[in-house]
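One structure below.
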Amino acid sequence: MEFTPGDFKSAYTYFHRQALDLVGDEKAQQELLVRAEIGLAHLTQDIASTESSDIEREAELVLYFQLKQLLEMLRALYQKKFEMHAEQEQLLLTAVLYFTSPVDALPDDNVLGLFDDAQIVETIYEELAADVDRFQHME
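One rule links them: number in the working numbering = place in the sequence shown (from 1) + 47.
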């Protein structure tokens, strides 16, 4: 899997197709959660770094909070404490897969490597707004 730098559409399509295989697959979702939590920890280190500009730090903070919310939703799905339609679950999994992959439209070792991850996560987060709201208001 290799994408032309900046080819967001192909990268998104690739991960969206992969996500379909993970819908309802508890073992695969658990493994993805572990990888994502590790990625979130690395993102936390980046945010704390003094090398980041204020603009980079702000974008990383938005990514962090949106991704953290999506991971909590995924964990609740995995634990059968929350339900979503399969299409919405696929979107959620797409965002997490995209974030956890070091190779996507802008490889993570690139200076702007998290830019595409942030764009994909934010877009999916907004598409899942109703589910996010429902999840936040669960009793």
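Yeah, the Cβ is synthetic: ideal placement off N, Cα and C, and Gly gets one too.
Would you check if the distance between the CB atom of residue i and the CB atom of residue j is smaller than 7 Å?
| i | j | result |
| --- | --- | --- |
| residue 62 | residue 141 | yes |
| residue 143 | residue 83 | yes |
| residue 168 | residue 79 | no |
| residue 174 | residue 138 | yes |
| residue 75 | residue 69 | yes |
| residue 182 | residue 146 | no |
| residue 107 | residue 94 | yes |
Which residue comes first and which comes last in the alpha helix (DSSP H) that contains residue i?
| i | result |
| --- | --- |
| residue 134 | 133-147 |
| residue 168 | 162-174 |
Pull up the CB-CB distance for residue i and residue j, whole angstroms please, since I reckon it's below 8 Å.
| i | j | result |
| --- | --- | --- |
| residue 125 | residue 65 | Not confirmed; about 17 Å, so no contact. |
| residue 188 | residue 164 | One cannot answer for residue 188 here, as it falls past the ends of the chain, which runs 48 to 186. |
Fully enclosed by the segment 56-111, which alpha helix (DSSP H) runs are 4 residues long or longer?
As far as the segment 56-111 is concerned, its whole alpha helix (DSSP H) runs of at least 4 residues are 73-95.
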